[in-house]
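One structure below.
Laid out in structure tokens, this is it:
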């Protein structure tokens, strides 16, 4: 059966539609009503979205001892305590400077007192063993561990130790680190500013949750202290962490929200407070104890600060 004669209007309409038909054919677009793979693609996308997240990191329940810088004169013990449950991981360093015994004895005492209810607890009581043996801060040959983070595997001995500490923190997903130190005098009694007058301060990298947690720990510990000269101050370290810098405060103590503040101090990116640059998400707490109090009192306060933080991050039961 013959169709209708092709009119001029129908002929021109057909020519106008021709480019679109060619484009659809070249691009692979389906004609209306054609069967497509859209439902299959949708199913694949749905399955990808429904894929379970990776399991949380868990340190197996129990205790383990490792050796850092094994086979060298600087070798020292690393103790690992796992709960077998997911949670925060706290690392404590003592003995970074060899003439600050409250730090290494405090870290050592935690070996007996702290067992994690969740997450894990790691401790290096004698980070600079040769310096603690000789009761010196450090030596030029060793290097200053607290100026050498994140370390160098072929550098000075303490640069290598810094590297192994950083690698350990990464391996165990450490997200909170306490660095135990001592200073000659109390910050509250300082006649001038300087590292000799940092006793009873806690400094952090300038980021959350470190800042808030440190202030909460200070408030809790101070509430149990009877002698006002033993009270702790929060020490803001500008530019030493992975958060936005805060404006500089005047170098003076003040009362802010129940927390005694100690401001100032230039950030040192190679100290432990700079570790979050290499380990994003890490909160670092540099605790300084004044040596113008008995050694036993310094040790007890180091332990109290560490245990208070451990409770607040869920490692110790409240």
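Residue numbers (the working numbering): 181 to 498.
Ideal Cβ placement from N, Cα and C applies to all residues, glycine included.
Since the model is a prediction, treat every value here as computed from it, not as a measurement.
Residue 452, buried or exposed, once every other Cβ within 10 Å from all chains shown has been counted against 16: Along the chain shown, read from residue 1 onward, the residue named residue 452 stands at position 272. Per the 10 Å Cβ criterion, buried.
Candidates 266, 262, 305, 343: which alpha carbon is nearest residue 358's? Within the chain shown, the letter at position 178 stands for residue 358. Residue 358 has its Cα closest to that of 305, out of 266, 262, 305, 343.
Alpha carbon to alpha carbon, what distance is there between residue 387 and residue 316? Numbered from 1 along the chain shown, position 136 holds the residue referred to as residue 316. Numbered from 1 along the chain shown, position 207 holds the residue referred to as residue 387. One C-alpha to the other measures close to 32 Å.
Quick one: using the 10 Å Cβ neighbour count with 16 as the cut-off for buried, is residue 479 buried or exposed? Locating residue 479 in the chain shown gives position 299, counting from the first residue. Under this definition residue 479 is a buried residue.
As a quick exercise: from 407, 484, 346, pick the residue whose alpha carbon is nearest that of residue 302. Working through the chain shown from its first residue, we reach residue 302 at position 122. Considering only alpha carbons, the answer is 346.
Would DSSP call residue 343 helix, strand or coil? By one-based count along the chain shown, residue 343 stands at place 163. Residue 343 falls in the helix class under three-state DSSP.
Between the segment 390-404 and the segment 460-480, do three or more beta carbon pairs fall short of 8 Å? yes
Whole-angstrom Cβ separation of residue 468 and residue 378, contact assumed at under 8 Å? Position 288 of the chain shown holds residue 468. Position 198 of the chain shown holds residue 378. Contact flag correct, Cβ pair sits at about 4 Å.
Nearest neighbour of residue 243, chosen from 313, 344, 319, 295 [CA to CA]: In the chain shown, the residue the question calls residue 243 occupies position 63. Ranking 313, 344, 319, 295 by Cα distance to residue 243 puts 295 first.
Taking the alpha-carbon positions, what's the residue 490 to residue 320 distance? Locating residue 490 in the chain shown gives position 310, where the first residue counts as 1. Locating residue 320 in the chain shown gives position 140, where the first residue counts as 1. Approximately 35 Å, taken between the alpha carbons.
Range of the contiguous beta strand (DSSP E) that encloses residue 451: On the chain shown, residue 451 is found 271 positions in, with the first residue counted as 1. From DSSP, residue 451 is part of no beta strand (DSSP E); its letter is neither H nor E.
Could you name the residues that DSSP lists as bridge partners for residue 257? Residue mapping note: residue 257 aligns to position 77 of the chain shown, counting from 1. Note: residue 257 sits in a beta bridge opposite 247.
Would DSSP call residue 406 helix, strand or coil? Within the chain shown, residue 406 is the residue found at index 226, counting from 1. If DSSP states are grouped into helix, strand and coil, residue 406 belongs with coil.
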